[in-house]
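Please read the structure below before turning to the comments.
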Amino acid sequence: MSADAERPAGRILDAAVPWHDPRSSADHETLLDLVGDADVVLLGEASHGTHEFYAERAAITRRLIEERGFQAVAVEADWPDAYRINSYVRGASGDADAKQALQDFRRFPTWMWRNTDVVDFVEWLRDHNARRGGDTDSVGFYGLDLYSLQASVEAIIRYLDQIDPEAAGRARERYACFDHFGGEMPAYGYATAVGTVEPCEGQVVEQLVELQQRASELAARDGRVPHDAHFFAQQNARLVQNAERYYRAMFRGRAGSWNLRDGHMAETLDALRRHLGADGKVVVWAHNSHIGDARMTEMSERGELNLGQLARESYGSEARLIGFTTHEGTVTAASDWDAPAERKRVRPALAASWEAALHATGLERLLLPLGEDQWGDDESSISLLERAIGVIYRPE
């Protein structure tokens, strides 16, 4: 191990809390003590396809819901796809089971959400809500991401068709601006970047403004839609606006598009908390790269921010950022975009990394608090690599 990894290993041992059993309630007590009275808890993962991360995250979330009164789970997934799960766990859909409710997750990578750990958690959440009774008291499941422009457009029009056909017609006219691209939004972004078409920015802003201005009126119409259907539609319109900007930014550099995406996640989290009521309590599931604080990493040197940073800036001590990582193991990932999922062996951690330093403690599992009370000022002076496996992984 390099000197860079050796230096914090001793400090890690001093601050580390052994995590004896991933199913142990005693181990969770320590973590819940660290969560304290936080209203927003962001739970990360070093990869998008490792069972242990998903199972542990679900176990922690169950306790936050049952014992700390958390009202929603918000995940790194598309808003309309996740809203079908929301309807299912609230007993408001026709889906027979969680597997059926997850069928809208068809976009690559499907394994992120259509897997057994998520199925088990969704079924638990539905049972939990049924025991509590009442739609308004139940715990919801929402998406934070912005890749679903076309699906969001369709959801807005379906909603308006039910309560105001004239408004639905106006929405169709505005969103027809995207029709030439057949749902291929990167092609739209490229065409606007090179100037062959005019952006649809004005139209999508008009639609969002109309939904915002008519929120009370539309939400109260006839009781023909669920109580939060207008919130769902309004967030879809916000998503379309931000996604349109995102696809145009794709061809102007990584930092701009990344910041638009995580900024949208933060906006959605804010809107969700307001929708839930005063001090809405939300658990967030996303990759470590989203829920860590970008200011503490080289992301900030590239001009990038992220959801974890924005949550800390907005909520201060009400937010807790909790990441998961590993020295080695296996992961479900693809070799190329849109390629089949494969089970891959994760390479042992590089020498000058946090994972190597954690591994050097000899503890198989551990919890490492990084707050000032446990770590002092040393955290900010240590610069090590951090594992981040996305949906594409080529360990070779």
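Okay, so the sequence shown: first residue is 30 according to the numbering used here, each after it adds one.
We put the beta carbon where it would ideally sit given N, CA and C, even for glycine.
Rounded distance between the beta-carbons of residue j and residue i, thought under 8 Å
{"i": "leucine 268", "j": "tryptophan 108", "result": "5 Å"}
{"i": "arginine 113", "j": "serine 122", "result": "7 Å"}
{"i": "leucine 289", "j": "alanine 266", "result": "That pair is no contact at about 16 Å."}
{"i": "arginine 349", "j": "serine 382", "result": "Incorrect: roughly 24 Å between the Cβ atoms, too far for contact."}
{"i": "aspartate 193", "j": "leucine 247", "result": "7 Å"}
{"i": "methionine 294", "j": "histidine 319", "result": "7 Å"}
{"i": "glycine 120", "j": "arginine 97", "result": "23 Å between Cβ atoms; not a contact."}
{"i": "alanine 60", "j": "isoleucine 89", "result": "Here the sequence assigns leucine to residue 60, which means alanine is not the residue at that position. Right, the Cβ-Cβ distance comes to about 7 Å (below 8 Å), so this counts as a contact."}
{"i": "leucine 175", "j": "tyrosine 275", "result": "6 Å"}
C-alpha distance - residue i paired with residue j, whole-angstrom precision
{"i": "serine 412", "j": "glycine 78", "result": "26 Å"}
{"i": "tyrosine 204", "j": "glutamine 236", "result": "9 Å"}
{"i": "methionine 30", "j": "alanine 389", "result": "Low per-residue confidence applies at methionine 30: pLDDT is 43, beneath 50, and the placement is therefore not dependable enough to give any value."}
{"i": "glutamine 270", "j": "valine 46", "result": "44 Å"}
{"i": "glycine 345", "j": "glutamine 338", "result": "10 Å"}
{"i": "serine 161", "j": "serine 167", "result": "Residue 161 is actually arginine in this sequence, not serine. If you take the alpha carbons of arginine 161 and serine 167, they lie about 7 Å apart."}
{"i": "tryptophan 142", "j": "glycine 419", "result": "14 Å"}
{"i": "glutamate 95", "j": "leucine 72", "result": "17 Å"}
{"i": "tyrosine 422", "j": "alanine 44", "result": "32 Å"}
{"i": "glutamate 273", "j": "leucine 178", "result": "8 Å"}
{"i": "glutamate 227", "j": "glutamate 202", "result": "16 Å"}
{"i": "glutamate 347", "j": "valine 69", "result": "6 Å"}
{"i": "serine 286", "j": "leucine 397", "result": "32 Å"}
{"i": "alanine 386", "j": "arginine 376", "result": "15 Å"}
{"i": "leucine 467", "j": "valine 151", "result": "Because the chain here runs from 30 to 425, residue 467 falls outside it and cannot be looked at."}
{"i": "glycine 309", "j": "leucine 301", "result": "8 Å"}
{"i": "tryptophan 153", "j": "leucine 93", "result": "14 Å"}
{"i": "tryptophan 140", "j": "aspartate 367", "result": "12 Å"}
{"i": "tyrosine 217", "j": "aspartate 126", "result": "37 Å"}
{"i": "arginine 303", "j": "glutamate 296", "result": "11 Å"}
{"i": "glutamate 195", "j": "methionine 214", "result": "27 Å"}
{"i": "aspartate 208", "j": "alanine 67", "result": "44 Å"}
{"i": "alanine 323", "j": "glutamate 183", "result": "34 Å"}
{"i": "glycine 169", "j": "valine 104", "result": "11 Å"}
{"i": "asparagine 115", "j": "cysteine 229", "result": "30 Å"}
{"i": "glycine 224", "j": "glutamine 242", "result": "32 Å"}
{"i": "alanine 32", "j": "alanine 38", "result": "Here alanine 32 scores only 49 on pLDDT, less than 50, and its place in the model is too uncertain to base an answer on."}
{"i": "aspartate 62", "j": "alanine 55", "result": "11 Å"}
{"i": "glutamine 100", "j": "leucine 305", "result": "7 Å"}
{"i": "proline 369", "j": "glutamine 129", "result": "21 Å"}
{"i": "leucine 399", "j": "valine 64", "result": "12 Å"}
{"i": "histidine 80", "j": "cysteine 206", "result": "42 Å"}
{"i": "glutamate 425", "j": "serine 76", "result": "17 Å"}
{"i": "alanine 200", "j": "alanine 378", "result": "51 Å"}
{"i": "glycine 212", "j": "threonine 361", "result": "28 Å"}
{"i": "glycine 321", "j": "arginine 40", "result": "21 Å"}
8 Å Cβ cutoff met for residue i and residue j
{"i": "phenylalanine 353", "j": "glutamate 74", "result": "yes"}
{"i": "serine 343", "j": "aspartate 291", "result": "no"}
{"i": "valine 312", "j": "valine 102", "result": "yes"}
{"i": "phenylalanine 280", "j": "tyrosine 219", "result": "yes"}
{"i": "glutamate 371", "j": "alanine 363", "result": "yes"}
{"i": "alanine 111", "j": "glycine 172", "result": "yes"}
{"i": "threonine 359", "j": "lysine 373", "result": "yes"}
{"i": "alanine 84", "j": "aspartate 146", "result": "yes"}
{"i": "glycine 332", "j": "alanine 380", "result": "no"}
{"i": "asparagine 144", "j": "valine 118", "result": "no"}
{"i": "alanine 244", "j": "glutamine 232", "result": "no"}
{"i": "alanine 340", "j": "arginine 277", "result": "no"}
{"i": "alanine 258", "j": "tyrosine 188", "result": "yes"}
{"i": "methionine 328", "j": "asparagine 335", "result": "yes"}
Helix, strand or coil at residue i [DSSP, three-state]
{"i": "alanine 88", "result": "helix"}
{"i": "tryptophan 383", "result": "helix"}
{"i": "tryptophan 48", "result": "coil"}
{"i": "alanine 370", "result": "coil"}
{"i": "threonine 354", "result": "coil"}
{"i": "arginine 349", "result": "strand"}
{"i": "aspartate 126", "result": "coil"}
{"i": "glutamate 227", "result": "coil"}
{"i": "isoleucine 94", "result": "helix"}
{"i": "valine 102", "result": "strand"}
{"i": "valine 70", "result": "strand"}
{"i": "valine 360", "result": "strand"}
{"i": "isoleucine 41", "result": "helix"}
{"i": "aspartate 107", "result": "strand"}
{"i": "methionine 30", "result": "At methionine 30, the pLDDT of 43 sits below 50, so the modelled position is not reliable and the matter cannot be decided from this model."}
{"i": "leucine 413", "result": "coil"}
{"i": "valine 148", "result": "helix"}
{"i": "proline 424", "result": "coil"}
{"i": "leucine 395", "result": "strand"}
Which ranges would you report for the alpha helix (DSSP H) in the region 156-212 if only whole runs of at least 4 residues count? Segments of the alpha helix (DSSP H) lying fully in the region 156-212: 178-192, 194-204.
Alpha helix (DSSP H) runs wholly inside the region 257-327, at least 4 long, in chain order: 258-278, 283-305, 317-320
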